[in-house]
Amino acid sequence: SITPATLSAISTSARRGMLVKSGVHLENFDKITAIAFDKTGTLTVGRPDVTDFITRTNEEDQEIIQRIIQIEKGSSHPLAEAMIRYSANHLDPLTVNASDEMTEVTGKGVKANFNGDVWAIGNEKLFNASSDNWYEQQATVLKGHAKTLVYVTKNDEVVAIVALKDEIRQDTIEAIKTFQSLGIETIMLTGDNIKTAEAIAEEVGLSRYVASCMPEDKVTVLKELREEFDTVMMVGDGINDAPALATAHIGVAMGAGTDVALETADIILIKNKLSKLVDLFSLSKRMNTIVK
Ligand code: ADP
Ligand code: MG
Numbered sequence: 304s305i306t307p308a309t310l311s312a313i314s315t316s317a318r319r320g321m322l323v324k325s326g327v328h329l330e331n332f333d334k335i336t337a338i339a340f341d342k343t344g345t346l347t348v349g350r351p352d353v354t355d356f357i358t359r360t361n362e363e364d365q366e367i368i369q370r371i372i373q374i375e376k377g378s379s380h381p382l383a384e385a386m387i388r389y390s391a392n393h394l395d396p397l398t399v400n401a402s403d404e405m406t407e408v409t410g411k412g413v414k415a416n417f418n419g420d421v422w423a424i425g426n427e428k429l430f431n432a433s434s435d436n437w438y439e440q441q442a443t444v445l446k447g448h449a450k451t452l453v454y455v456t457k458n459d460e461v462v463a464i465v466a467l468k469d470e471i472r473q474d475t476i477e478a479i480k481t482f483q484s485l486g487i488e489t490i491m492l493t494g495d496n497i498k499t500a501e502a503i504a505e506e507v508g509l510s511r512y513v514a515s516c517m518p519e520d521k522v523t524v525l526k527e528l529r530e531e532f533d534t535v536m537m538v539g540d541g542i543n544d545a546p547a548l549a550t551a552h553i554g555v556a557m558g559a560g561t562d563v564a565l566e567t568a569d570i571i572l573i574k575n576k577l578s579k580l581v582d583l584f585s586l587s588k589r590m591n592t593i594v595k
């Protein structure tokens, strides 16, 4: 049965934009000792923009832009949308037909064939890098600036690198700082490479991060965190986050998240504000004091 203090706390939360699905989550909230955050769409706004587009030879530009549009038109990934927006500055996407045989490789990127050539757009896991790494030095610098790198390859040869940057949500840094002052461990989970992850973790002020995280890895990490910490919370927004949200003691979804994340979560932050988690922590603490 639900106590008056719990009921009152749930309705206060709702008024402040935090949908708590059951009183037990509020009761447990102030016992949290670790929080795992998805990166894209959770710590960040989730709308990356292209900041750098680098090719080995400028003559190839037009064809590369065309291939990017042809391949990425069929993807709804935020990185795909950003690359289409960027490409539109060079070539009208409406004049380019989407490839009808594009395939998505989960956690890696997208691929398609053109005249017997295999074109692929995605991260390092998508292609076999040759020893001729003309892009290596520039890639290292861009990663150090907390940018996500996407490689455009033709038959496993890198023809362009695209750097993208996603804004950190306005209240992310403050919220992380508060949780750390409360002695709570904060961990970022991201599909990005280790160098980019490190730069972002530093920018946000996170104590830990797990990089090159494939969708199925998130659950594994959550299980490990549950061994290490008494009460673990996971915050995410994507389809890929849903299993991890279910694995955590408390799963939290951003209001702008996908339906699956919203359904799976125990708590929804309607206005996508991580600062609301700090409110919930105080609310939980007060409520538990009254109950006792
Ligand atoms: P995340 O939410 O971390 O981006 P995904 O599983 O959606 O997780 O994608 C993992 C990685 O695969 C991305 O970070 C990116 O490197 C690559 N990727 C996926 N889809 C695309 C795409 N359409 N274009 C380019 N890269 C992609
Ligand atoms: Mg996300």
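According to UniProt numbering, the sequence shown holds residues 304 to 595 in order.
Idealized CB from N, CA, C, for every residue including glycine.
Decide if arginine 350 is buried, meaning its Cβ has at least 16 other Cβ atoms within 10 Å, or exposed. Start at 1 with the first residue of the sequence shown, and residue 350 comes out as number 47. Counting Cβ neighbours within 10 Å, arginine 350 comes out exposed, since fewer than 16 surround it.
Using only Cβ atoms and a threshold of 5 angstroms, which residues come within that distance of a heavy atom of the ligand ATP? Order them by chain position. For the ligand ATP, the structure offers nothing, since it holds only the ligand ADP and the ligand MG.
Excluding the 5 residues preceding and the 5 following alanine 383 in the sequence, name in chain order all residues of the same chain whose CB lies nearer than 6 angstroms to its CB. As a working mapping, residue 383 is identified with position 80 in the sequence shown. The answer, listed in chain order, is Glu375.
Identity of the residues DSSP links to aspartate 352 by a beta bridge: Residue mapping note: residue 352 aligns to position 49 of the sequence shown, counting from 1. Paired residue(s): Lys468.
Under DSSP, the alpha helix (DSSP H) around valine 413 begins and ends at which residues? One-based indexing of the sequence shown puts residue 413 at position 110. Per DSSP, valine 413 lies in no alpha helix (DSSP H) segment; the continuous beta strand (DSSP E) that holds it begins and ends at 412-417.
If I measure Cβ to Cβ from methionine 491 and keep anything under 6 angstroms in the same chain, skipping five residues before and after, which residues do I get? Start at 1 with the first residue of the sequence shown, and residue 491 comes out as number 188. Excluding residues within five positions, the ones whose Cβ falls inside 6 angstroms are Phe340, Lys342, Ala504, Leu509 and Tyr512.
Buried/exposed call for glutamine 473, threshold 16 Cβ in 10 Å: Position 170 of the sequence shown, counted from the start, is the residue given in the question as residue 473. Exposed: under 16 other Cβ atoms inside 10 Å.
Can leucine 429 and threonine 451 be called in contact, C-beta distance under 8 angstroms? Residue mapping note: residue 429 aligns to position 126 of the sequence shown, counting from 1. Residue mapping note: residue 451 aligns to position 148 of the sequence shown, counting from 1. In this structure, threonine 451 does not lie closer than 8 angstroms to leucine 429 by Cβ.
Have a look at Lys498, Tyr389 and Gly410 and flag the residue whose alpha-carbon is nearest the alpha-carbon of glutamate 439. Along the sequence shown, read from residue 1 onward, the residue named residue 439 stands at position 136. For the residues Lys498, Tyr389 and Gly410, the minimum Cα distance to glutamate 439 belongs to Lys498.
Pull the bridge partners of methionine 321 from the DSSP assignment, please. Looking up residue 321 in the sequence shown gives position 18. DSSP lists Leu572 as partners of methionine 321.
Anticipated Cβ contact below 8 angstroms, lysine 446 with alanine 502, distance rounded: In the sequence shown, the residue the question calls residue 446 occupies position 143. In the sequence shown, the residue the question calls residue 502 occupies position 199. With 8 angstroms as the limit, lysine 446 and alanine 502 qualify as a contact, their Cβ atoms being about 7 angstroms apart.
Following the continuous beta strand (DSSP E) through arginine 452, name the residue where it begins and the one where it ends. Start at 1 with the first residue of the sequence shown, and residue 452 comes out as number 149. The sequence shown places leucine at residue 452, rather than the arginine named in the question. Residues 451-457.
Please determine, among Lys588, Asp540, Ser587 and Tyr389, the residue with the shortest C-alpha to C-alpha distance to leucine 572. What you label residue 572 is simply residue 269 of the sequence shown in a count that begins at 1. Among Lys588, Asp540, Ser587 and Tyr389, the Cα nearest to that of leucine 572 is on Asp540.
Per DSSP, aspartate 341 is paired with what? Numbered from 1 along the sequence shown, position 38 holds the residue referred to as residue 341. DSSP lists Leu492 as partners of aspartate 341.
Identify, in the order they occur along the chain, each residue of the same chain with its Cβ nearer than 8 angstroms to the Cβ of glutamine 483, setting aside the five sequence neighbours on each side. Here residue 483 refers to the residue found at position 180 of the sequence shown. Thr489, Gly508 and Ser510.
Indicate, with yes or no, if the ligand ADP has a heavy atom lying under 7 angstroms from the CB of alanine 383. Residue mapping note: residue 383 aligns to position 80 of the sequence shown, counting from 1. Under cutoff, so the answer is yes.
What residue from Ala559, Asn418 and Ala568 has the CA that sits closest to valine 348's CA? As a working note, residue 348 is residue 45 in the sequence shown. Nearest of Ala559, Asn418 and Ala568 to valine 348, Cα basis: Ala559.
By DSSP, does glutamate 460 sit in helix, in strand, or in coil? The residue you call residue 460 lines up with position 157 of the sequence shown. Looking at glutamate 460 - three-state DSSP - the assignment turns out to be strand.
What runs of the alpha helix (DSSP H), each 4 residues or longer, lie entirely inside the segment 530-563? Within the segment 530-563, the complete alpha helix (DSSP H) runs of at least 4 residues are 545-550.
Is DSSP giving glutamate 404 helix, strand or coil here? In the sequence shown, counting from the first residue as 1, residue 404 sits at position 101. Secondary structure of glutamate 404 (DSSP, three-state): coil.
Alanine 423 by DSSP, collapsed to three states: which one? What you label residue 423 is simply residue 120 of the sequence shown in a count that begins at 1. Strand at alanine 423.
Backbone secondary structure at threonine 315 - three-state DSSP: Numbered from its first residue, the sequence shown carries residue 315 at position 12. Threonine 315: helix per DSSP, three-state reduction.
Once DSSP output is grouped into helix, strand and coil, what is the label at valine 522? The residue you call residue 522 lines up with position 219 of the sequence shown. Helix.
For the candidate residues Asp469, Gln441 and Ile372, whose alpha-carbon lies nearest to that of tryptophan 422? Locating residue 422 in the sequence shown gives position 119, counting from the first residue. Minimum Cα distance to tryptophan 422 is reached at Ile372.
Is histidine 393 near isoleucine 357, with beta carbons less than 8 angstroms apart? Translated into the one-based positions of the sequence shown, residue 393 becomes position 90. Translated into the one-based positions of the sequence shown, residue 357 becomes position 54. Their beta carbons are not under 8 angstroms apart, which means histidine 393 does not touch isoleucine 357 by this criterion.
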